[in-house]
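Quick notes on the structure that follows.
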Amino acid sequence: MSYLLTAPEMVATAATDLDGIAAALYAANAAAAGPTTGLLAAAEDEVSRAIATLFGAFGQEYQAVVTHAAEFHTEFTQALAAAANAYAQAEATTCSALNTFETQLQALLAPLLPNAGAGAINPPSITSIGAQVAFIMGGTGIPDPDPMYVTGAQTLFIQPRFPGFLSDALHTPEQFWPTTPNLGNLTFGRSVAEGVATLSNALTTQFSTLGNSAVVYGYSQSAVIATIEIRHLMAQVTPPSPSDLGFVLTGNPNNPNGGVLQRFTGLYVPVLDVLFNGATPPDSPYPTVIYTNQYDGTGNFPQYPLNLLADLNAVIGIVDGTHFYVGLPPDQVANAVHLPTSPGYTGNTDYFLGLTQKLPLTSLIRPIPYVGTPLAELVQPDLRVLVDLGYSDYGPGLSYADIPTPASFLSVPNPFAVSYYLAKGAAQGVQASLVNLGWLPPSYIPTGYPYAPSVAPGLNFFVGQPSVTGLSLLTGALGTAARDLGWIPPWWD
1 MSYLLTAPEM VATAATDLDG IAAALYAANA AAAGPTTGLL AAAEDEVSRA IATLFGAFGQ
61 EYQAVVTHAA EFHTEFTQAL AAAANAYAQA EATTCSALNT FETQLQALLA PLLPNAGAGA
121 INPPSITSIG AQVAFIMGGT GIPDPDPMYV TGAQTLFIQP RFPGFLSDAL HTPEQFWPTT
181 PNLGNLTFGR SVAEGVATLS NALTTQFSTL GNSAVVYGYS QSAVIATIEI RHLMAQVTPP
241 SPSDLGFVLT GNPNNPNGGV LQRFTGLYVP VLDVLFNGAT PPDSPYPTVI YTNQYDGTGN
301 FPQYPLNLLA DLNAVIGIVD GTHFYVGLPP DQVANAVHLP TSPGYTGNTD YFLGLTQKLP
361 LTSLIRPIPY VGTPLAELVQ PDLRVLVDLG YSDYGPGLSY ADIPTPASFL SVPNPFAVSY
421 YLAKGAAQGV QASLVNLGWL PPSYIPTGYP YAPSVAPGLN FFVGQPSVTG LSLLTGALGT
481 AARDLGWIPP WWD
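Position 179 of the sequence shown, counted from 1, bears residue number 179 in our numbering, the numbering being contiguous throughout.
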């Protein structure tokens, strides 16, 4: 059996270009018609008249040939355009068939699997008659958010969801010994604990005046601080009202489905003092927005960590800019995918995933002079397929953003989808590389997966979204042993 791979958008663009050539041929033919077919004799003698007649005959024959050529060109253009449509329709049919196959398989497995439908969307809202303050915290290495950071957090993430709040940059240690020696010698756990105390005091002061309200912005380490504070508030007898307090978390290591501190829940790393302390409570009564960039290793860590390529991509995503949020383009934030929540979800948290076009892995080769970017564009589509095998899909009857999901040892790849997208990605990579080199116009840039990112490419068969896995039992047992040995400091309690 043989296979034919095409790029429909390339064929369609070529048809348009050829149509322009046909128009030019017609115009040139018309312009040349008079001068080449209506030659006058140079004199009144018989020789001059014979020469004029001869060249006129040649001109008429040329006009006939060019007319036929232009007609053939038009017919070829129409055939090419029709082929583009046919290829596009065939590709859509193929994708539909793959989706139908996976859907039918999931329907057969549905009685055995949880999470069969989609949950409702609960937009956050805060009403207040008093002072409205947005407490903005930095991330690791950023104890004092500067004006640019504060403006980015306010404009991109707070204002669209919680309008009317005034910014207040909150100092927190944001240390992670030994990676932040310039800030001090606090370990991650100790730094988080001091940050929780600072945030708790700020909220207590804010709510000491009746009618005041607050929004908390946490990023990276300070999202962990906010998570612990949410847990403390939920345990209080008289906590602040949900109508007075909200949270916005970006790059959240406690993201229920993707946060690295939830993927390996229970595990404790001594010396670095990192406790994998689980998920931000999805049942929190407080209006909350969790925004994560795709492939950010803190908030979007692979569900299947035996995929070492996906792990490496996520780790690079922490340092290559994917983990940076306050400087994101506004349209990327505005167009983030609103992830589905589980059927009957009654929590107050909305989850968003910002799709990442440039795979973090390719940041290793893009800086190479001259050839770096074309090479990155060449390999990126197939690399994306291999990386995405480390993740499950979001969608109704698939994975949900609110369910705390630990890492699993094994996935079940769909060989039909994987082979199809690897073949398609190879063709897209060549096309994208030629565009980058300037050998093809920008209109030839590929569209669709795997050149473009997706939250549900269908590379793995869905086998449920377990809250307990063999790997989570292992990490939990290791954490219990660490606690029994007295390795876990009291500030993690």
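Using N, Cα and C, we set each Cβ at its ideal position, and we do this for glycine too.
### Query
Do three or more CB pairs link the segment 451-465 to the segment 374-391 at distances below 8 Å?
yes
### Given Y370 as reference, the closest of R384, S433, L353 once Cα atoms are compared
Residue numbering aside, residue 370 sits at position 370 when the sequence shown is read from its first letter. Of the listed residues, the one whose Cα sits closest to Y370 is S433.
### Message
Within 10 Å of its beta-carbon, does H338 have 16 or more other beta-carbons around it, so buried, or fewer, so exposed?
### Response
For the purposes of this step, residue 338 is identified with residue 338 of the sequence shown, where counting begins at 1. So H338 counts as exposed.
### Unbroken alpha helix (DSSP H) run spanning L473, endpoints
Taking the sequence shown and counting its residues from 1, the one referred to as residue 473 is at position 473. Run containing L473: 470-484, per the alpha helix (DSSP H) assignment.
### Query
Run through DSSP, which three-state label would I316 get?
Taking the first residue of the sequence shown as position 1, residue 316 is located at position 316. I316 falls in the helix class under three-state DSSP.
### Message
Using only the alpha-carbon positions, how far apart do Q221 and G438 sit?
### Response
On the sequence shown, residue 221 is found 221 positions in, with the first residue counted as 1. On the sequence shown, residue 438 is found 438 positions in, with the first residue counted as 1. Rounded to whole angstroms, Q221 to G438 spans 42 Å at the Cα level.
#### Entry: DSSP three-state assignment for S433, whether helix, strand or coil
The sequence position of residue 433 within the sequence shown is 433, counting from 1. Correct three-state label for S433: helix.
### Query
Are there 16 or more other CB atoms within 10 angstroms of the CB of P381, so buried, or fewer, so exposed?
As a position in the sequence shown, residue 381 is number 381, starting the count at 1. Per the 10 Å Cβ criterion, buried.
### Query
Under 7 Å, do P305 and A279 count as touching if we go by C-beta distance?
Residue 305 sits at position 305 when you count from the first residue of the sequence shown. Residue 279 sits at position 279 when you count from the first residue of the sequence shown. Result no, Cβ atoms of P305 and A279 do not sit closer than 7 Å.
### Message
On a Cα-Cα basis, can you pick out the residue from D484, Q303, G195, Q154 that is closest to T172?
### Response
By 1-based counting over the sequence shown, the position of residue 172 is 172. Closest by alpha carbon: G195.
#### Entry: Where S467 sits in the DSSP three-state scheme
In the sequence shown, residue 467 corresponds to position 467, counting from 1. Three-state result, S467: coil.
### Message
Going by C-alpha to C-alpha distance, which of D320, P406, N313 sits closest to N277?
### Response
Looking up residue 277 in the sequence shown gives position 277. Nearest C-alpha to N277: P406.
### Task
Answer yes if the segment 128-142 comes into contact with the segment 176-195, meaning at least three C-beta pairs across the two stretches below 8 Å, and no otherwise.
yes
#### Entry: alpha helix (DSSP H) segment containing L203, residue limits
Numbered from its first residue, the sequence shown carries residue 203 at position 203. It spans 188-206 - the alpha helix (DSSP H) in which L203 sits, taken as one unbroken run.
### Query
Helix, strand or coil for T227 per DSSP?
Numbered from 1 along the sequence shown, position 227 holds the residue referred to as residue 227. Here T227 sits in helix by DSSP.
### Cβ-Cβ distance between Y149 and V333 below 7 Å
Sequence index remark: in the sequence shown, residue 149 carries index 149 (1-based). Sequence index remark: in the sequence shown, residue 333 carries index 333 (1-based). Cβ atoms of Y149 and V333: not closer than 7 Å.
### Task
Out of S208, A153, S472, state which residue places its alpha-carbon closest to the alpha-carbon of L166.
To locate residue 166, count along the sequence shown from 1; it is residue 166. The option with the nearest alpha carbon to L166 is A153.
### Helix, strand or coil at S167 according to DSSP, with G and I counted as helix
Looking up residue 167 in the sequence shown gives position 167. It is a strand residue.
### Task
On a CA-only basis, which of L272, Y351, Q206, Q175 is nearest I225? Give me that one, please.
In the sequence shown, residue 225 corresponds to position 225, counting from 1. The residue with the shortest Cα to Cα distance from I225 is Q175.
### Query
Should S342 and D244 be called a contact, given that it needs their Cβ atoms to be closer than 7 Å?
The residue labelled residue 342 in the question sits at position 342 within the sequence shown. The residue labelled residue 244 in the question sits at position 244 within the sequence shown. Not in contact: S342 and D244 (Cβ atoms no closer than 7 Å).
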